[in-house]
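Asks:
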């Protein structure tokens, strides 16, 4: 945070298995809104560290147990009106940096109850259909191609 406001710089981490089962989290404040791990950078931390921190905070997964990959891809989108109060006055857009985390299996998840109410593992096509965020949906649809490039 800067001056009590969130930075308009975030990460999206698509967590998946080698079989391309994808982990989705349901937002606590918005039942039915499913997403991958997301979160804003804090201070001047490196984006890879933001990804590591957010995965641990939101799922209980230590990224050292898998393969964390920076896709070197960003998305810019307008911040939903209901969430703009978290940012400095006048901030309307966020830049999201995309990562993936491949795990050997599908571990049980420990969610942060103030952020997420449920979780599920789904085949990548089904996971993409469930996402409310266009950038999250697009990242999941790119997963097979990105997975081949990193194996």
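Residue numbers (this note's numbering): 8 to 158.
Positions of the beta carbon are idealized from the N, C-alpha and C atoms, including for glycine.
Since residue 33 is in the beta strand (DSSP E), which residue starts that stretch and which ends it?
Replies: Mapped onto the chain shown, residue 33 falls at position 26. It spans 28 to 34 - the beta strand (DSSP E) in which residue 33 sits, taken as one unbroken run.
Asks: Could you give the distance in angstroms between the alpha-carbon of residue 23 and the alpha-carbon of residue 78?
Replies: Here residue 23 refers to the residue found at position 16 of the chain shown. Here residue 78 refers to the residue found at position 71 of the chain shown. Taking the straight line from one Cα to the other gives about 14 Å.
Asks: Quick one: what does DSSP say residue 10 is sitting in, helix, strand or coil?
Replies: Taking the chain shown and counting its residues from 1, the one referred to as residue 10 is at position 3. Three-state result, residue 10: coil.
Asks: At what residues does the alpha helix (DSSP H) containing residue 62 begin and finish?
Replies: By 1-based counting over the chain shown, the position of residue 62 is 55. Taken as a continuous stretch (DSSP letters only), the alpha helix (DSSP H) holding residue 62 covers 54 to 66.
Asks: Which same chain residues end up closer than 8 Å to residue 13 when comparing Cβ atoms and leaving out the 5 residues on each side of it in sequence?
Replies: Reading the chain shown from its first residue, position 6 is the one you call residue 13. Answer for residue 13: 47, 93 and 94, listed in chain order.
Asks: Using the DSSP secondary-structure output, state which residues sit across from residue 126 in a beta bridge.
Replies: Within the chain shown, numbered from 1, the residue matching residue 126 stands at position 119. Note: residue 126 sits in a beta bridge opposite 32.
Asks: Look at the alpha carbon of residue 100 and the alpha carbon of residue 81, and state the distance between them as a whole number of angstroms.
Replies: Looking up residue 100 in the chain shown gives position 93. Looking up residue 81 in the chain shown gives position 74. Going from the Cα of residue 100 to the Cα of residue 81 covers about 13 Å.
Asks: Are residue 168 and residue 104 touching if we call contact CB-CB under 8 Å?
Replies: Residue 168 cannot be examined here, being either before or after the span of the chain that is shown, 8 to 158.
Asks: Could you tell me the distance, in whole angstroms, from the CA atom of residue 8 to the CA atom of residue 89?
Replies: As a working mapping, residue 8 is identified with position 1 in the chain shown. As a working mapping, residue 89 is identified with position 82 in the chain shown. Low per-residue confidence applies at residue 8: pLDDT is 45, beneath 50, and the placement is therefore not dependable enough to give any value.
Asks: Taking just the CA atoms, how far does residue 26 sit from residue 83?
Replies: The residue you call residue 83 lines up with position 76 of the chain shown. The residue you call residue 26 lines up with position 19 of the chain shown. Whole-angstrom Cα-Cα distance: 29 Å.
Asks: Taking only beta-carbon atoms, is residue 145 less than 8 Å away from chain C?
Replies: Protein chain content of the structure displayed is limited to a single chain, and chain C is not contained in it.
Asks: In terms of alpha-carbon separation, which member of 118, 86 and 58 lies closest to residue 15?
Replies: The residue given as residue 15 occupies position 8 in the chain shown. Ranking the options by Cα distance to residue 15, first place goes to 86.
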